[in-house]
Ligand SMILES: Cc1cc2nc3c(=O)[nH]c(=O)nc-3n(C[C@H](O)[C@H](O)[C@H](O)COP(=O)(O)OP(=O)(O)OC[C@H]3O[C@@H](n4cnc5c(N)ncnc54)[C@H](O)[C@@H]3O)c2cc1C
């Protein structure tokens with residue numbers, strides 16, 4: 004069991020917090036990081052692992068919302084573009100510009116010329132932050148991306164947005180880790196069973212350690228409901244009324260072997276008229292997504308979803324043989340929680356329903372609900388929640404504290420210098436997709452210095468432990484100490500993306516995985532292994 008988690012679960016019941024954040028997806032994680040850095044005493048709980056619900060199912064894109072140009076939501080596009088630019092500036096090695104190669108089909112609802120003009124407008128609205136758009140003639144596409152089936156296309160356009168180099172789960176984890184570094188008491192696998200207010204107006208949350216089945220009480224002055232798709236359910240449970248609520252759109256992605264060697268996102272309009280992506284994911288390709296209105300947050304991939312995605316991809320790419328279900332390495336499925344107001348018109352045009360977030364405050368109850376949102380806009384969510392909490396009377400002694408972003412360039416250069424002196428990149432496995440120096444800095448920032456120390460002390464620490472997964476022995480040892488890993492799925496699916504890029508059968512047989520389990524779980528290693536692989 005993670006020592007860090009055990010200590011934090013105990014501390015949850017020991018004091019009165021300024022703020023309890025319920026939910027450790029992106030919205031909860033940024034709220035906790037911002038509040039803790041600015042001086043609030045913060046606790047955060049999630050009934051599963053951090054990011055284990057919606058936030059691990061995204062397309063991994065930080066995008067300015069080009070599609071909202073069609074509904075003339077220029078204000079929203081401007082805001083999202085600014086958020087994207089700010090993320091890219093703050094996380095130069097994690098959130099990076101990527102080219103979108105958008106193919107236009109003859110007879111589509113908008114002509115190619117309009118599409119091209121749209122991308123130039125997008126570029127302008129985004130302050131020319133990225134590379135300029137480029138018209139793609141059919142012959143250019145045929146030369147640069149021969150995989151694209153051009154039979155019904157009259158060309159296309161290339162423009163830029165950004166993507167998360169690692170996975171969304173890791174991105175969220177880094178905010179949780181940051182919150183912990185600023186003194187937040189965060190614990191995964193702790194569920195809120197319900198909350199009420201005592202005679203002094205303090206929030207009293209009844210919670211349960213899901214792992215041990217033990218109940219506890221957490222006291223706080225302010226309660227932040229960051230339960231994502233479960234915000235309404237949680238509010239209903241405690242009688243908290245809000246002007247907004249959620250409707251849900253299910254989105255499915257399938258992961259298959261790499262389809263094209265180029266590091267760019269191929270974009271098509273699927274049969275239902277929606278944008279459809281072919282996104283690089285390490286050594287694989289992620290394809291999707293769907294957009295289906297559903298009533299429940301608990302969604303599953305259906306045969307119809309699989310057929311829709313595979314049909315659309317096979318129709319638009321020239322593959323040696325069509326992709327079938329046997330080619331799917333992993334699936335991702337989640338619901339987008341979309342914020343709507345009381346007004347009926349908010350839900351009528353499903354396709355155009357925008358992805359704005361809303362932070363709703365009940366000042367009398369000192370209660371905050373976060374509706375909707377995107378990974379792209381997460382820094383704004385953190386800042387907004389902190390402002391609301393401050394307005395509720397919680398003193399933030401360090402209102403200007405910077406709570407996000409990679410360490411400064413001098414710190415990176417110092418790391419690179421030390422790594423060069425010990426010839427770190429020469430230890431890179433021939434199967435790795437990038438030099439170790441680049442990868443370790445991106446994933447761990449300043450913590451990567453500790454990894455260098457470990458490798459210097461014992462060169463075995465620099466060996467790849469799980470073949471094909473690029474993970475070094477020292478990374479797993481560090482994860483065991485710092486990353487609050489309770490189940491094998493936490494490590495394979497969220498702290499890393501191993502489970503998304505390696506087939507389950509291959510992973511199960513990987514010799515290093517047993518040793519990784521021993522490092523992560525000690526005596527419980529075989530139990531955790533069996534829990535993940537089912538016996
Ligand atoms: C298919 C898809 C693609 C997307 N693509 C993108 C993209 O490319 N770019 C982008 O910016 N955005 C994207 N999004 C949107 C983005 O992923 C979501 O808006 C965001 O992850 C929502 O985060 P959240 O924190 O609100 O919810 P969640 O991540 O669901 O977090 C809520 C947490 O609350 C916890 N919880 C619930 N009830 C309780 C309780 N009683 N006690 C304790 N904990 C509780 C849950 O376990 C969960 O972890 C996409 C979404 C989907 C579904």
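Residue numbers (the working numbering): 4 to 538.
No residue lacks a Cβ here, since even glycine has one placed at the ideal position from N, Cα and C.
Bear in mind that the values here come from a model prediction, so they are computed numbers and not experimental data.
Buried or exposed (CB count within 10 angstroms, at least 16 for buried), residue i
i: residue 345; result: exposed
i: residue 56; result: buried
i: residue 53; result: buried
i: residue 517; result: exposed
i: residue 11; result: buried
i: residue 373; result: buried
i: residue 300; result: buried
i: residue 535; result: buried
i: residue 475; result: buried
i: residue 135; result: exposed
i: residue 298; result: exposed
i: residue 34; result: buried
i: residue 510; result: buried
i: residue 303; result: exposed
i: residue 75; result: exposed
i: residue 1; result: No statement about residue 1 is possible, as the shown extent of the chain runs from 4 to 538 and does not include it.
i: residue 290; result: buried
i: residue 130; result: exposed
i: residue 525; result: exposed
i: residue 217; result: exposed
i: residue 212; result: buried
i: residue 501; result: buried
Beta-carbon proximity of residue i to residue j, cut-off 8 Å
i: residue 220; j: residue 207; result: yes
i: residue 504; j: residue 286; result: yes
i: residue 187; j: residue 25; result: no
i: residue 391; j: residue 419; result: no
i: residue 3; j: residue 414; result: This structure gives no information on residue 3, because the portion of the chain shown stretches from 4 to 538.
i: residue 199; j: residue 241; result: yes
i: residue 451; j: residue 479; result: no
i: residue 181; j: residue 36; result: yes
i: residue 51; j: residue 105; result: no
i: residue 312; j: residue 255; result: yes
i: residue 259; j: residue 331; result: yes
i: residue 422; j: residue 468; result: no
i: residue 69; j: residue 381; result: no
i: residue 94; j: residue 376; result: no
i: residue 63; j: residue 316; result: no
i: residue 225; j: residue 428; result: no
i: residue 185; j: residue 65; result: no
i: residue 168; j: residue 445; result: yes
i: residue 8; j: residue 489; result: yes
i: residue 257; j: residue 334; result: yes
First through last residue of the beta strand (DSSP E) which encompasses residue i
i: residue 270; result: 268-272
i: residue 489; result: That residue, residue 489, is in no beta strand (DSSP E); it is neither H nor E in DSSP.
i: residue 372; result: 370-375
Cross-strand partners of residue i (DSSP beta bridge)
i: residue 253; result: 295 and 338
i: residue 2; result: Past the boundaries of the shown model lies residue 2; the chain is included only from 4 to 538, so the question cannot be answered.
i: residue 159; result: 106 and 139
i: residue 80; result: In the DSSP output, where bridge partners are listed per residue, residue 80 has none listed.
i: residue 469; result: 474
i: residue 47; result: 24 and 189
i: residue 19; result: 222
i: residue 166; result: 64 and 99
i: residue 260; result: 287
i: residue 151; result: 320
i: residue 278; result: 272
Terminal residues of the alpha helix (DSSP H) in which residue i lies
i: residue 363; result: Not the alpha helix (DSSP H): residue 363 falls in the beta strand (DSSP E), residues 360-365.
i: residue 421; result: 412-424
i: residue 515; result: 515-524
i: residue 123; result: 115-128
i: residue 441; result: 439-447
i: residue 457; result: 451-460
i: residue 535; result: 528-536
i: residue 503; result: 501-504
i: residue 176; result: 171-184
i: residue 29; result: 29-40
i: residue 508; result: 507-512
CB contact below 8 Å: residue i versus chain B
i: residue 8; result: Annotation note: the requested chain B is absent from the structure, which comprises a single protein chain.
For this session: Report the residue ranges of all alpha helix (DSSP H) runs contained in full by the region 305-348; include only those spanning at least 4 residues, in chain order.
Result: Runs found: 306-319.
Problem set entry | Complete beta strand (DSSP E) runs within the region 189-258 (minimum length 3 residues, chain order) | For the region 189-258, whole beta strand (DSSP E) runs of length 3 or above, ordered along the chain, are 193-200, 206-212 and 217-228.
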